[in-house]
Each structure stands twice: as structure tokens, then as C-alpha cells.
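As given, the protein sequences belong to chains A and B, one line each in that order. According to the working numbering, the residues represented by the first sequence are 1 to 203, in order. According to the working numbering, the residues represented by the second sequence are 1 to 203, in order. Data first, discussion second: the structure below is written as C-alpha cells.
Number of protein chains: 2
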Amino acid sequence: MELGRRERKKQQTRQAISDVATALFLERGFDAVTVAEVARAADVAVQTVFNHFPAKEDLFFDERGWWTGPARAIREAPAGADPVDVLEAEYLKGTRERLEVGHLATWKQFVRTIEGSPALLARRRLTAEELERSLTEALDERSPDQLRNRLTAALYAAAQKVLEERLMSVLPDDAAPAELEQAQHELERAIAEVFAVLRRGLR
Amino acid sequence: MELGRRERKKQQTRQAISDVATALFLERGFDAVTVAEVARAADVAVQTVFNHFPAKEDLFFDERGWWTGPARAIREAPAGADPVDVLEAEYLKGTRERLEVGHLATWKQFVRTIEGSPALLARRRLTAEELERSLTEALDERSPDQLRNRLTAALYAAAQKVLEERLMSVLPDDAAPAELEQAQHELERAIAEVFAVLRRGLR
DNA sequence: TCCAAAGATGTAATGACTACAATAATGGAA
DNA sequence: TTCCATTATTGTAGTCATTACATCTTTGGA
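Structural data, given as C-alpha cells:
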């Protein structure tokens with residue numbers, strides 16, 4: 001559908017606010033920047049910010065949708081596939097994307113900003129719960145054992161959390177190619193190990 | 001240590017505030033009650049409330065300490081014991097306490113209040129994270145494999161979450177003794193099943 | 001050209017929480 | 001008992017996110 005000028009301008013405003021906000025948050029920390037400042041920097045009214053984003057956290061977590069990945073992966077997987085295999089492949093794929101050269105530094109910066117803000121941490125937990133819920137739903141569509149499905153989703157979320165921590169602690173900030181290679185291998189070994197536990201448990 | 005009158009009075013005030021607050025929250029829901037109302041009902045200044053409780057949520061989650069259970073259980077367990085066995089026993093113990101006649105209705109009421117409030121849900125997630133952290137620490141004291149310890153703690157937290165949901169959905173509000181017996185058995189089967197998954201996975 | 005829809009703005013209010021200064025109760029020293 | 005240093009309690013003022021609502025502005029289309 002073609003967007004008229006009106007809709008286009010609206011998206012422009014939204015994008016401008018989001019960009020300005022993200023830059024400020026990354027630079028000075030989420031809690032140290034007020035919505036009023038964001039509005040001023042984006043040259044709009046505070047109300048306008050809230051017209052586009054339901055809460056301050058949404059200014060940071062803008063590109064929503066990453067948390068639908070696992071559920072989608074399950075839905076798109078062939079009928080006989082082991083859910084844990086599917087989820088491991090999905091997780092591995094996401095991780096490799098994040099490790100790409102240009103992305104890594106940015107990613108760590110984002111995560112550090114999250115870790116520096118109680119509000120963002122809380123929001124991340126909420127999102128993880130969303131992911132878990134949607135994954136449970138997807139699993140319910142292919143298998144009738146609800147307790148097991150719920151557990152599978154919960155274990156996946158747990159695995160993801162643990163591995164995410166691992167990624168942060170193992171990867172050096174300055175991407176010295178040699179070390180990075182090394183760290184990446186260590187990380188992939190951890191991934192394999194963690195998913196092996198899930199697979200064995202849920203066998 | 002003996003408490004002087006001053007300290008005793010302080011605790012009295014604190015308790016009075018907490019009691020009044022809990023009653024109000026259970027009755028009308030956490031978000032529908034303002035701190036100012038709590039203060040008025042307890043006949044103290046709003047400031048006094050915040051002198052005793054760092055945040056509104058602390059008025060509800062007062063008896064802190066339940067989340068130290070798993071870590072303590074691990075520390076008190078004999079050297080050779082399998083962590084998953086210890087954690088299952090601990091969880092089972094806690095569950096049975098909650099299922100005692102007088103407790104159940106109260107417990108469900110509490111949980112429903114939590115589930116009715118985004119703020120309390122967020123706080124519960126935070127507490128679960130605390131539990132996970134302290135459990136990881138305890139596990140680190142008896143085994144050197146940090147990744148595995150971290151994973152064990154995360155899987156325990158996941159199990160707990162799933163089983164907690166189960167408890168809420170399986171147990172009828174009106175405790176008809178026969179049904180309750182039935183539900184309790186079903187619940188304990190679910191507990192065994194979930195922990196069996198952990199045990200197998202972490203074997 | 002003009003109107004109705006929809007976006008942007010401004011104002012005022014609520015509610016949690018903090019900073020800070022003032023007040024009051026109290027435990028212990030003289 | 002009297003007086004002082006603590007310390008609990010209070011009151012005031014302010015910050016910040018968020019909402020309600022009325023108003024202004026832009027714009028798509030009749």
C-alpha cells in the first residue's frame with residue numbers, strides 16, 4: 001500500500017524521535033535522559049513522543065519482532081523435526097549475525113546500555129516472557145503435551161539467558177581478529193553444550 | 001540483641017504500614033491503591049512509608065528471604081548430593097507448605113494480586129533473578145564448572161516458573177477435599193516430571 | 001475551495017519517588 | 001531528674017513518566 005504524505009510524515013517523525021532517543025540513550029544512559037530531553041532534541045512536543053511510543057522503554061526497544069524468531073522457526077520447521085534442534089539452529093543463526101564484524105561493537109554497546117538501566121532490564125525480562133509465551137503457543141500447535149511444551153519454551157528462554165551472559169563475558173570489546181576467532185569458538189562450544197543439556201533432558 | 005523501645009516502636013510502625021498496605025492491595029489490587037492512601041490508612045506521613053520501604057512493591061513483597069531457600073538448601077546438602085535432587089526436595093517441601101489447608105486460599109489470593117499488576121509481575125521477575133544469582137553462587141562453591149552451575153540455576157528457575165503456573169491452573173479455588181487431593185497428586189506428578197527432565201539433562 | 005480526519009501541541013493533573021529542612025520522641029550521660 | 005545527641009517522623013517542594021483533554025494545524029479528498 002502506498003503511503004500518502006501524511007502517513008509518510010508521521011513515520012518520519014517517529015523515526016526521528018527514535019533515532020535521537022537511541023543516540024542519547026547510548027551516549028548518556030537510559031535513566032539519565034528524560035523524555036522531555038528527547039522531545040527537545042527531536043524538536044517535538046513531549047506529547048508527540050507519547051503519541052508514537054507508549055512508554056519510554058519503547059524508544060529504546062524499537063525494532064520489535066526479534067522475539068518472534070523462535071516461534072516462527074518452530075512453525076516453519078518440517079513436521080518431524082526435533083524442537084530443540086530447530087531452536088538451536090535458530091539461536092546459532094541469530095548469534096552468528098550478531099557476531100558479524102560491523103555488528104558486534106554496536107551490539108555490546110546496546111547490551112551495556114540495557115544492563116545499566118533497571119527499567120531496560122525489566123523490559124527485557126518482559127520481552128523474554130513474551131517470547132516464551134509465543135514459543136509455547138507454536139509448540140502447542142505441533143504437539144499436544146502442554147506441560148512439556150511449556151517446559152521446552154521455558155528451558156529455551158533459560159538457555160538463551162545463560163548464553164547471552166556468556167557472550168557478553170567472553171567477547172572482548174576490541175575485536176582483535178585472533179582473539180575474536182578464539183572467543184567465537186568458545187562461545188559456540190558453550191551453545192552446543194547448553195543445547196545438548198536441553199536435548200538430553202527433553203528426549 | 002534486645003530491642004529498645006525506640007527500635008520496637010519503629011518495627012511496630014513498619015509492621016502496621018505493611019499490614020494495612022497488604023490488606024488494601026489484596027482487596028482492591030496493587031495499582032488501584034496509592035502510597036498516599038496506604039499512608040493515610042496507617043496514619044503516618046507518606047515519607048514515613050518510604051523511610052521503611054524503598055519502593056511501593058516492597059509493601060507487598062515484605063517477608064523477603066523466601067528466595068534464598070534453594071541456595072541455602074544447596075549449601076546445607078551433603079557433599080556428594082546431586083544438586084537436582086536437593087533442589088527438587090526443596091521445591092517439594094515449599095510446595096507442600098503452600099498446599100496446607102489454611103495457606104492455600106491465602107496463597108492463591110496473593111498470586112492473583114500479583115498477576116493483576118504489571119508492577120508486581122515485574123518485581124517477581126526481578127526476585128526470580130535474585131534467586132537465580134544466589135543459587136549460582138551456592139553451586140559455584142561446590143563445583144568449578146561455572147557454565148553448568150549457571151545453567152543449573154537457570155533451569156531450576158525455569159522449572160519453578162512452569163510449576164508455579166501449573167499450581168495456579170490445577171488447583172481449584174474452593175478447596176473441596178476430594179478434588180484437592182486429586183489436584184495435589186497431579187501437581188506432584190508434574191513436579192516429578194519436570195525435575196526428571198532437569199536431572200536427565202544435567203546428568 | 002472547503003471540510004472532516006488525523007497529527008501535533010500545550011496545559012494541567014496524577015502518582016511514585018527524592019531531597020531536605022524541621023520537629024518530636026527517646027536513650028543515656030551528668 | 002535534666003539535658004543532649006540520636007534518630008524516627010513529618011512537611012514541603014521538586015522531578016519525572018504518564019494520562020486526559022482541549023486546541024491548533026496539516027492534509028486528503030469531495
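Note that CB positions come from ideal geometry on N, CA and C, so glycine has one too.
Neighbours of K56(B) across chain A, judged by C-beta separation under 8 Å, do not exist; the nearest C-beta is about 14 Å away. Residues of the segment 78-91 of chain B whose Cβ lies closer than 8 Å to any Cβ of chain A: none. Per DSSP, reduced to three states, the secondary structure at D62(A) is coil, with no helix or strand assignment. The beta carbon of R72(A) does not come within 8 Å of any beta carbon belonging to chain B, so the residue lies off that interface. In the three-state DSSP reduction, R203(B) falls in the coil class, being neither helix nor strand. Near chain A, meaning a CB-to-CB distance below 8 Å, the residues of the segment 155-166 of chain B are L155, A157, A158, A159, K161, V162, E165 and R166. With its beta carbon at least 8 Å from every one in chain B, L180(A) lies outside the interface. A190(A) reaches chain B at L147, counting residues in chain order whose Cβ is nearer than 7 Å. Below the 9 Å Cβ cutoff, chain A contributes L147, R148 and L151 as neighbours of E193(B), in chain order. Excluding its 5 nearest sequence neighbours in each direction, K161(B) has C-beta neighbours in its own chain below 8 Å: A128, listed in chain order. In this structure, the straight-line span from the alpha carbon of E115(A) to that of N51(A) is close to 27 Å. Within chain B, the residues placing a beta-carbon under 8 Å from that of R200(A) are R200, G201 and R203, ordered along the chain. For the alpha helix (DSSP H) assignment, the uninterrupted runs of no fewer than 4 residues enclosed by the segment 109-195 of chain B are, from N- to C-terminal side, 118-142 and 146-170. Taking 8 Å as the cut-off, the beta carbon of L198(B) is found closer than this to the beta carbon of A159(B). Listed along chain B are A122, R125, L126 and E129, each with a C-beta nearer than 8 Å to that of R125(A). Within chain A, the C-beta atoms nearer than 7 Å to that of V197(B) come from L151, G201 and L202, in chain order.
With a cutoff of 8 Å on beta-carbon distance, L104(A) and Y156(A) are scored as not near each other. Under the three-state reduction of DSSP output, E100(B) falls in the coil class, being neither helix nor strand. DSSP, reduced to helix, strand and coil, places V44(A) outside both helices and strands of the structure shown, so it counts as coil.
For P54(B), the number of other beta carbons within 10 angstroms of its own is below 16, and it is reported as exposed.
With 16 or more other CB atoms across the displayed protein chains lying within 10 angstroms of its CB, G201(A) is buried. Contact between A73(B) and E90(B) holds, since their C-beta atoms are separated by about 4 Å, short of 8 Å.
Counting along the chain, the unbroken alpha helix (DSSP H) around A23(A) starts and ends at R5 to R28. Q184(A) is positioned such that its CB atom lies no closer than 8 Å to that of L92(A).
Taking 8 Å as the cut-off, the Cβ atoms of R123(B) and E57(B) count as close. Across the set R142(B), A81(B), A190(B) and F195(B), the C-alpha of A190(B) shows the shortest separation from the C-alpha of M168(B).
Around the beta carbon of E179(B), a 10 Å sphere encloses fewer than 16 other beta carbons of the protein chains shown; the residue is thus reported as exposed. Note on A39(B): 16 or more other CB atoms within 10 angstroms of its CB, so buried under the neighbour-count rule.
Separation of the CB atoms of W67(A) and L131(A) is rounded to 4 Å, and the pair is thereby assigned contact status at 8 Å. Annotation for W107(B): R98 place their beta carbon closer than 7 Å to its own, counting only its chain and skipping 5 residues before and after. Rounded to the nearest whole angstrom, the C-alpha separation of D43(A) and T22(A) is 15 Å. Within the model, the alpha-carbon separation for D31(A) versus L126(A) is close to 18 Å.
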